[in-house]
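Per my numbering, the very first residue in the sequence shown carries number 20; after that it's consecutive.
Glycine is no exception: its CB is placed at the ideal position from the N, C-alpha and C atoms.
These figures come from a predicted structure and were not determined experimentally.
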Amino acid sequence: MVKSKAGLVQEMLDNTTNFDDESDNQDESSLDSTNFLNDDLKTHIKIKSTLVGNLTELSKNSSKVLLQTTHEMSVDEFGLIHSGFLFGSAEYAAVAAVNEPNVVVIGCRSKFFAPAKVGDIVNFEAKGRFEDARKREIKVIGTINEIKVFEGIFQAVLLEHHILETKIEELQASFSPKEFS
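Rendered as structure tokens:
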């Protein structure tokens, strides 16, 4: 199923709650209705799109995530969005680009270039490198109205088992931080 970017944005806006309305009574499943790509996603399948955005494009070694900022993400009366929500969306885009069940982010170098405010739509685009290796590097760029607000290089590793089922010795053997330097 392929949808145009404009169609995805319109669908997202149609499904976004009005800030003045009470959204506490809204069914959570309706908030995740734009994540039609979740059927193709192999990782982070229980993530809440209301916190990290909606996956709008998914292909080998790349993904796009659209984050609609809300009052719940703001830190003050001006509507400044906490940078943790932007970072979470970028990380989601990074792991989606890898799209393997046991991918784990082990590091990131990131920069925030401009703030986000309530009502902004932040687009995150992720591109992966080293697709045939267990260790991956993913570049993620976040923009608001085509202005770069975030850039990060994420390092990830593919594990044989879920991170919570993996022994520490196996983790240490899986990667060396020097390999990403």
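Considering only residues of the same chain and omitting the five flanking positions on each side of residue i, which have a CB-CB separation below 6 Å?
i	result
Asp95	none
Ile182	Val123
Val71	Gly107, Ser108 and Tyr111
Ile140	Gln87
Thr162	Asn142
Glu170	Lys130 and Ile160
Phe104	Met92
Glu150	Asn80
Arg148	Glu156
Thr185	Leu178
Mapping the DSSP letters down to three states, classify residue i as helix, strand or coil.
i	result
Leu204	The shown model of the chain, from 20 to 200, leaves out residue 204, and the question about it has no answer.
His180	coil
Leu70	helix
Asp58	helix
Asn44	Low confidence applies to Asn44: its pLDDT is 39, below 50, so where it sits in the model is not reliable, and the reading given next is rough at best. Residue state, collapsed to three classes: coil.
Provide the residue(s) that pair with residue i in DSSP beta bridges, ordered along the chain.
i	result
Gly171	Ser129 and Val159
Leu77	Ser82
Output needed for residue i: all residues of its chain with C-beta closer than 7 Å, excluding positions within five of it in sequence on either side, in chain order.
i	result
Leu99	Ser93, Pro134 and Lys136
Ser102	Phe131
Ile125	Gln174, Ala175, Val176 and Phe194
Assuming residue i contacts residue j under a Cβ cut-off of 8 Å, what Cβ separation, rounded to an integer in Å, is found between them?
i	j	result
Lys83	Ala109	The pair is not a contact, with the Cβ atoms about 11 Å apart (cut-off 8 Å).
Ile157	Val117	7 Å
Leaving out the 5 sequence neighbours to the left and right, which residues in its chain are closer than 8 Å to residue i when beta-carbon positions are compared?
i	result
Ala115	Leu60, Thr62, His63, Leu74, Leu77, Ser82, Val84 and Ala145
Asn121	Thr62, Leu177, Leu178, Glu179, His180, His181 and Ile182
Ile66	Tyr111
Arg128	Gly171 and Ile172
Val168	Leu105, Phe131, Phe132, Ala133, Pro134, Ala135, Val141, Gly161 and Thr162
Asp46	Because the pLDDT at Asp46 is just 40, under 50, the model does not fix this residue reliably, and the value given afterwards should be weighed accordingly. For Asp46, where only same-chain residues beyond five positions count, there are no Cβ hits under 8 Å.
Phe97	Lys136
Of all the beta strand (DSSP E) runs that stay within the bounds of the segment 85 to 169, which reach a length of 3 or more residues?
122 to 131, 140 to 148 and 154 to 163
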